[in-house]
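For the sequence shown, full-length UniProt numbering assigns the number 1 to the initial residue and increments by one for each residue that follows.
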Amino acid sequence: MKTFDHGKLDRIVADARRTADARSDGYRERALKIYPWICGRCAREFTVTNLRELTVHHRDHNHDNNPPDGSNWELLCIYCHDNEHQRQLEAQAGSSIQTDNGTVSTHNPFADLKALLAKGK
Numbered sequence: 001m002k003t004f005d006h007g008k009l010d011r012i013v014a015d016a017r018r019t020a021d022a023r024s025d026g027y028r029e030r031a032l033k034i035y036p037w038i039c040g041r042c043a044r045e046f047t048v049t050n051l052r053e054l055t056v057h058h059r060d061h062n063h064d065n066n067p068p069d070g071s072n073w074e075l076l077c078i079y080c081h082d083n084e085h086q087r088q089l090e091a092q093a094g095s096s097i098q099t100d101n102g103t104v105s106t107h108n109p110f111a112d113l114k115a116l117l118a119k120g121k
């Protein structure tokens, strides 16, 4: 008959608990405990089944700034999070993007709206 090593099992359980505690100390887990599971931009709601699509965005873009009260975080869905970072990149580039074909300006569909409305009067 095979003997069971209770000490090994105890070590495995203790390791699992330490790993879980270390994960819960991470800013994502803390943010998920503080904030409701809703995207701060599009208001999409999340459940346990799709929670992996909800990300923690650092408002000041500094991933080392993780205050315990979560004041530098907001929960964003992956789409809004990507959009936020793209907007940040465009702002740093002066509202234009440098490509292999040169500088591409961003489109402003309402640039001449006031003039067009005045013309119709």
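All C-beta atoms in this analysis are idealised placements derived from N, C-alpha and C, irrespective of residue type, glycine included.
Would you mind giving the Cβ-Cβ distance between C80 and R52, rounded to the nearest angstrom? I have them listed as a contact below 8 Å.
Between R52 and C80 the Cβ distance is about 15 Å, and since that is not below 8 Å, they are no contact.
Is the beta carbon of I38 closer than 7 Å to that of E29?
no
Endpoints, beta strand (DSSP E) assigned at C77:
73 to 77
Which partner residues of T3 appear in the DSSP bridge assignment?
Bridge partners of T3: none, in fact.
Among the residues of its own chain, which have a CB less than 8 Å from the CB of Y35, if the five just before and after it don't count?
Same-chain partners within the cutoff: G70, W73, E74, L75.
Give a yes or no on whether the C-beta atoms belonging to residue 122 and T47 are separated by under 7 Å.
Any question about residue 122 goes unanswered here, given that the chain covers just 1 to 121.
Selected residue, minimal CA-CA separation from N62, among A43, Q88, T49, N50:
Q88
Please go through the segment 40 to 96 and give each complete alpha helix (DSSP H) segment of 4 or more residues, from N-terminal end onward.
78 to 92
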